[in-house]
Amino acid sequence: MVRGLSIVFALAAAWGCSAPKETNQMQSLAEQYVKLVLAVGQHDPDYVDAFYGPEEWRKAAVKRPLADIDAEAGALASSLAAAAPAASADLLVQLRHRYVTRQLDALRARVAMLGGRKLTFDEESKALYDAVAPHHDEKEFAGILAQLDTLLPGHGSLLDRYTQFRDAYVIPPAKLEATFKAAIEACRSRTLAHVQLPPGESFTVEYVTGKSWSGYNWYQGNYRSLIQVNTDLPIFADRAIDLACHEGYPGHHVYNVLLEKTLVRDRGWPEFQVYPLFSPQSLIAEGTANFGIDVAFPPADRVKFEREVIFPAAGLDPSGAERYYEVMALVDRLSYAGNEAARRYIDGEIDAKAASAWLERYGLYAPARAAQRVKFVDQYRSYVINYNLGKDRVAQFIDARAGGDAAKRWTAFTELLSSPRLPSDLTVSASR
Ligand SMILES: [Zn+2]
70 MVRGLSIVFA
80 LAAAWGCSAP
90 KETNQMQSLA
100 EQYVKLVLAV
110 GQHDPDYVDA
120 FYGPEEWRKA
130 AVKRPLADID
140 AEAGALASSL
150 AAAAPAASAD
160 LLVQLRHRYV
170 TRQLDALRAR
180 VAMLGGRKLT
190 FDEESKALYD
200 AVAPHHDEKE
210 FAGILAQLDT
220 LLPGHGSLLD
230 RYTQFRDAYV
240 IPPAKLEATF
250 KAAIEACRSR
260 TLAHVQLPPG
270 ESFTVEYVTG
280 KSWSGYNWYQ
290 GNYRSLIQVN
300 TDLPIFADRA
310 IDLACHEGYP
320 GHHVYNVLLE
330 KTLVRDRGWP
340 EFQVYPLFSP
350 QSLIAEGTAN
360 FGIDVAFPPA
370 DRVKFEREVI
380 FPAAGLDPSG
390 AERYYEVMAL
400 VDRLSYAGNE
410 AARRYIDGEI
420 DAKAASAWLE
430 RYGLYAPARA
440 AQRVKFVDQY
450 RSYVINYNLG
460 KDRVAQFIDA
470 RAGGDAAKRW
480 TAFTELLSSP
490 RLPSDLTVSA
500 SR
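So the number in this note's numbering is just where the residue sits in the sequence shown, counting from 1, plus 69.
Take a look at the structure:
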């Protein structure tokens, strides 16, 4: 890490010296933003998801009152507004300015929340993630549940039948490592066929317990990630490719590596050395990580690969792969039921027990998984929208540029991973 950072700052310094005045000013404002993120991290242990900038910045981030942080953030917002680039400036320079400005707004919202301000689920997601998830009525999930009811005949409730069906597709613990290894290798080689990554990038995988999430990428800087996989609950066959793509290639690991390469090292922009979890960046991060699964494994291709590689690695009967993915494609369409449960729960309309019941009934979560999800909502609140709404927004953005062309899809996807886009940028016209 030390070796990598010395390169970063040598580049930043060299670039800064010859840069125009307004660029130097933006560098200084961006540095202030990073230091404010680190300061908020003193109040909120989940806030700073990654930081690989100068160690002295981290050490200097002592705990100070939230009101002081907000006052500094307010002053920085004014300085940023005064430093807006000209309309003729390079697109990336304009995106950078908009991005830091919006990330800082989200920081102030998080500071207000930490100070006790109450926001509704939708107000919170707008303030923190620059997006509001659509509302869905219970009835809207009925059609999908009816189709699943036909696909999964037998006795007992639909949830019981689905749970029993899915239990036949658990990866045995003894086969977990080999199955993930096969999945990671495939995700990596498919990604490297289209995305140029710097030499030396890699990650390590750890198996952990006692978490509210199922997998997590901790980016360390210097093109390295630590990926943790939670084994509290049995892991199903689909999670191998999902997690390997989402956390690794072409998901979080690749996103962080490309930001470090193109924005931190090549341009010397310090603000990308920090990742505040409760910020618009998370919708882009989770959305690209989820959409990246489909980019690397378009659905028909995915079933073939599962049948030929993943199911055999996991010791599962490959003849069941097609049916499994037919069912899972329908269950995936229930994902917005998870947002509804979280919205009602955060807004105080239902309690934790009722939120679990909602997830079981409309999202087909088995009881233990519903309880884990409610724990996740307790910890991360409206963050849940970043996964499904994020994926849908990213899909719209990429499809508008690439249509059905697979190579163009990879190009548009890589460009998105390498640029400072905001969630609200994803819904604007395809020409930008
Ligand atoms: Zn993720």
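For every residue, glycine included, the Cβ atom is placed at its ideal position computed from N, Cα and C.
Once DSSP output is grouped into helix, strand and coil, what is the label at residue i?
i      : result
Leu295 : strand
Pro349 : coil
Asp416 : coil
Val343 : strand
Val446 : helix
Val453 : helix
Arg490 : coil
Val239 : strand
Gln465 : helix
Gly73  : Caution applies to Gly73, whose pLDDT of 35 falls short of 50 and renders its modelled position unreliable; the value that the coordinates give is listed next. Three-state DSSP puts Gly73 in a helix.
Ala481 : helix
Leu495 : helix
Ala82  : Caution applies to Ala82, whose pLDDT of 41 falls short of 50 and renders its modelled position unreliable; the value that the coordinates give is listed next. Here Ala82 sits in helix by DSSP.
Thr300 : coil
Gly472 : coil
Ala406 : helix
Pro387 : helix
Tyr102 : helix
Measure the alpha-carbon distance for residue i versus residue j and round it to whole angstroms.
i      : j      : result
Ser348 : Val443 : 21 Å
Val323 : His263 : 12 Å
Gln441 : Ala202 : 22 Å
Leu332 : Tyr102 : 16 Å
Gly279 : Phe305 : 18 Å
Arg171 : Pro492 : 10 Å
Val117 : Ala215 : 43 Å
Tyr318 : Glu484 : 15 Å
Ser425 : Asp301 : 18 Å
Glu275 : Pro222 : 38 Å
Thr480 : Ile362 : 15 Å
Asn457 : Asp335 : 32 Å
Ala155 : Pro339 : 21 Å
Gly356 : Ala398 : 18 Å
Arg257 : Glu409 : 34 Å
Leu227 : Ser97  : 57 Å
Val396 : Ile213 : 10 Å
Leu486 : Leu328 : 7 Å
Arg392 : Thr232 : 15 Å
His321 : Ile296 : 10 Å
Asn359 : Ala119 : 20 Å
Val180 : Asn325 : 25 Å
Ala439 : Gly185 : 28 Å
Lys373 : Ala390 : 8 Å
Ile253 : Arg308 : 11 Å
Val106 : Gly225 : 51 Å
Ser488 : Ala423 : 41 Å
Thr92  : Gly110 : 27 Å
Thr273 : Ser294 : 7 Å
Trp427 : Leu312 : 25 Å
Asp139 : Arg235 : 48 Å
Thr108 : Ser351 : Note that residue 108 is Ala in the sequence shown here, rather than Thr. Roughly 19 Å between the two C-alpha positions.
Gly269 : Phe482 : 22 Å
Gly122 : Lys330 : 14 Å
Hey, could you find the ends of the beta strand (DSSP E) residue i is sitting in?
i      : result
Phe366 : Taken as a continuous stretch (DSSP letters only), Phe366 belongs to no beta strand (DSSP E), as it is neither H nor E.
Val378 : Per DSSP, Val378 belongs to no beta strand (DSSP E) and is neither H nor E.
Under DSSP, the alpha helix (DSSP H) around residue i begins and ends at which residues?
i      : result
Arg392 : 390-401
Gly225 : It is not in any alpha helix (DSSP H) - Gly225 carries neither H nor E in the DSSP assignment.
Glu207 : 207-220
Arg310 : Reading the sequence as shown, one finds Ile at residue 310 and not Arg. Its alpha helix (DSSP H) spans residues 307-312.
Trp427 : 421-432
Leu327 : 321-327
Do we get a CB-CB distance below 8 Å when we pair residue i with the residues of chain B?
i      : result
Ile253 : In the structure shown, chain B does not exist; there is a single protein chain.
Any chance the region 162-176 sits against the region 374-385, with 3 or more Cβ pairs inside 8 Å?
no
Runs of 3 residues minimum, wholly inside the region 248-291: which ones carry the beta strand (DSSP E) assignment?
271-277, 284-290
Touching or not, the region 133-143 and the region 353-367, by the rule of three or more beta carbon pairs under 8 Å?
no
Please determine if the region 425-442 and the region 395-408 are in contact, where contact requires at least 3 C-beta pairs separated by less than 8 Å.
yes
Ignoring anything shorter than 4 residues or poking outside the region 113-198, list the alpha helix (DSSP H) runs there in chain order.
124-129, 135-151, 160-183, 190-198
When you compare the region 230-244 with the region 379-394, are there three or more beta-carbon pairs, one atom per stretch, that lie closer than 8 Å?
yes
Between the region 458-472 and the region 247-267, do three or more beta carbon pairs fall short of 8 Å?
no
Tell me, please, whether the region 150-159 touches the region 465-480 by the rule of three or more beta-carbon pairs shorter than 8 Å.
no
Three or more beta-carbon pairs under 8 Å between the region 408-416 and the region 285-293, yes or no?
no
Validate contact between the region 156-164 and the region 205-213 using beta carbons, cut 8 Å, 3 pairs:
no
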